[in-house]
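Novice: Take this structure, written in structure tokens, and hold onto it; I'll ask about it next.
Residue numbers (my numbering): 2 to 197.
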């Protein structure tokens with residue numbers, strides 16, 4: 002599905018970074034950042050332009066090829082890894098920051114990934130996430146049609162036990178990111194750090 006979605010000259014979700022990330026990237030310590038389900042590269046390229054060493058992981062080769070081009074067009078380098086995040090090894094205490102922006106994942110897989118994220122962060126490392134909540138189903142402005150692939154404040158608190166939340170909020174906001182995320186969205190935003 003994702004190869005098909007990204008196989009156009011246009012960038013499906015645009016080339017500008019996610020708004021929540023753009024406003025809060027300074028919460029992430031300078032260093033190595035892992036961007037999950039990066040797609041066509043907009044968030045990874047933005048972070049690289051801010052001086053981070055960025056690794057972008059995605060299951061779509063088509064998306065990653067577009068990410069490579071976007072990085073070249075912006076004069077930055079990002080490491081690109083083609084992998085299924087269901088079995089991708091994040092390592093232990095590898096990352097100063099991990100970023101997840103609108104990454105729909107079945108809840109069972111998401112719980113496993115959140116365990117890997119906690120392990121993968123260095124002490125003092127930060128996880129920054131924006132995701133659709135199940136309330137998004139009433140808007141239909143992106144995020145698919147399954148509540149199971151959406152998340153909430155309550156599920157983040159439960160699944161990221163061991164991280165300290167500096168920011169955790171459910172809200173409705175205008176999301177304008179390419180043709181697939183446009184309009185009022187019900188989202189959860191979080192910035193959480195691993196105890197140093």
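Ideal Cβ positions, reconstructed from N, Cα and C, are used throughout, including at glycine.
The model shown is predicted, which means the values in this text are computed figures rather than measured ones.
#1: Sort 169, 153 and 4 by Cα distance to residue 64 and report the nearest one.
#2: If the criterion is Cβ atoms closer than 7 angstroms, does the pair residue 102 and residue 118 meet it?
#3: Would you kindly work out how many angstroms separate the C-alpha atoms of residue 187 and residue 72, rounded to a whole number?
#4: Is DSSP giving residue 83 helix, strand or coil here?
#5: Should the segment 120 to 130 be called in touch with the segment 177 to 195, which here means at least 3 C-beta pairs below 8 angstroms?
#6: Going by C-alpha distance, which of 45, 151 and 112 is nearest residue 105?
#7: Between which two residues does the beta strand (DSSP E) holding residue 45 run?
#8: Have a look at the DSSP bridge pairing and note the partners of residue 186.
#9: Is it true that the CB of residue 93 sits closer than 7 angstroms to the CB of residue 33?
#10: Taking the C-alpha atoms as reference points, what is the distance between residue 25 and residue 44?
#11: By alpha-carbon positions, which one of 76, 27, 66 and 19 ends up nearest to residue 82?
#12: Can you tell me the Cα-Cα spacing of residue 77 and residue 11, whole angstroms?
#13: Give me the residue from 21, 61, 62 and 60 with the minimum Cα distance to residue 48.
#14: Between which two residues does the beta strand (DSSP E) containing residue 36 stretch?
#15: What is the residue span of the beta strand (DSSP E) that residue 123 lies within?
#16: Return the CA-CA distance between residue 61 and residue 115, expressed in angstroms with no decimal places.
#17: For residue 144 and residue 112, I'd like the C-alpha separation in whole angstroms.
#18: Take the Cβ of residue 52 as the centre, count every other Cβ of all protein chains shown within 10 Å, and call the residue buried at 16 or more, exposed below.
#19: Please determine, among 30, 19 and 28, the residue with the shortest C-alpha to C-alpha distance to residue 46.
Specialist: The short version:
#1: Checking every option, the nearest Cα to that of residue 64 belongs to 4.
#2: no
#3: 30 angstroms
#4: strand
#5: Proximity of the segment 120 to 130 to the segment 177 to 195 meets the contact definition, three or more beta-carbon pairs being nearer than 8 angstroms.
#6: 151
#7: Under the DSSP assignment, residue 45 falls outside any beta strand (DSSP E), being part of the alpha helix (DSSP H) whose first and last residues are 43 to 50.
#8: 174
#9: no
#10: 12 angstroms
#11: 66
#12: Approximately 20 angstroms, taken between the alpha carbons.
#13: 21
#14: Start and end: 33 to 37.
#15: Segment 122 to 133, the beta strand (DSSP E) holding residue 123.
#16: 21 angstroms
#17: Computed Cα separation, rounded: 18 angstroms.
#18: exposed
#19: 19
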